[in-house]
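Here is the structure we will look at.
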Amino acid sequence: MSMYINYQGIKGEANAKGHEDWIDVLSLDWGVSRAINSTTGTRQNREATSPNISEVTFTKLTDDSTPYLFREACTQGGKEVKIHLTKTADNLENYLEYTLTDCIVSNYMVSTDGERPIETISLSFTKIELRYTPHDNTGKAVSPISQIYNISKATME
Numbered sequence: 199m200s201m202y203i204n205y206q207g208i209k210g211e212a213n214a215k216g217h218e219d220w221i222d223v224l225s226l227d228w229g230v231s232r233a234i235n236s237t238t239g240t241r242q243n244r245e246a247t248s249p250n251i252s253e254v255t256f257t258k259l260t261d262d263s264t265p266y267l268f269r270e271a272c273t274q275g276g277k278e279v280k281i282h283l284t285k286t287a288d289n290l291e292n293y294l295e296y297t298l299t300d301c302i303v304s305n306y307m308v309s310t311d312g313e314r315p316i317e318t319i320s321l322s323f324t325k326i327e328l329r330y331t332p333h334d335n336t337g338k339a340v341s342p343i344s345q346i347y348n349i350s351k352a353t354m355e
């Protein structure tokens, strides 16, 4: 599996077909959590709070995008970010895609052990689209399934 990020207006060093000039990603973390309250001794009448959508955090090696991502960490931002997770077979086929709206870099950190520095970057956003492409028994991609959550409105779209 390979992962790539397209941060609006910033070029990376990826050269994979369909992801040229995107940012190569080493790791990616994000999630959704919410509290579920229930009366002790029963599973019924549970109440869920609104979801808490975490920031997206990714790591990458220092590359052409480094100074521009640093700039984004120090300014307002508000850009669109696309994240693609791909199958690494004969061709790079996206199987999971995220589109983040109104992104702001909320954390920018650099660490190194003497080799090439690794950056850890967190993104805050107001809307997230998750698009998953399932595959049939032969491995052929079928119709994608998409879900959008608007954080600022606390609603699915």
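Counting in my numbering, the sequence shown tops out at residue 355, every number present.
No residue lacks a Cβ here, since even glycine has one placed at the ideal position from N, Cα and C.
Computed from a prediction, not measured in an experiment: that's the story for all the values here.
Inside the region 255-292 only - alpha helix (DSSP H) runs reaching at least 4 residues: 264-272
Expected contact under 8 Å - CB spacing of lysine 325 and isoleucine 343 to nearest Å: At roughly 17 Å, the Cβ-Cβ gap does not stay under 8 Å, so lysine 325 and isoleucine 343 are not in contact.
Classification of lysine 258 by the beta-carbon crowding that lies within 10 angstroms, buried from 16 upward: buried
Any 3 or more C-beta pairs closer than 8 Å across the region 286-299 and the region 259-275: no
DSSP state of isoleucine 251 mapped onto helix, strand, coil: strand
Sub-8 Å separation of aspartate 222 and glycine 210 beta-carbons: yes
Burial state of alanine 212, where buried means 16 or more other Cβ atoms lie within 10 Å: buried
Threonine 255 versus Asn243, Ser200, Glu245 and Gly229, residue with shortest Cα-Cα distance: Gly229
Spatial distance of glycine 207 from proline 249 (CA atoms): 30 Å
Own chain, CB closer than 6 Å to glutamate 214, minus 5 neighbours either side, in chain order: In the sequence under discussion, the amino acid at residue 214 is alanine, which differs from the glutamate named in the question. Cβ neighbours of alanine 214 beyond the five flanking positions: Leu290.
Nonlocal neighbours in the same chain, by C-beta distance under 6 Å from histidine 333, ignoring five residues either side: Ala339
C-alpha distance - isoleucine 302 paired with tyrosine 205, whole-angstrom precision: 11 Å
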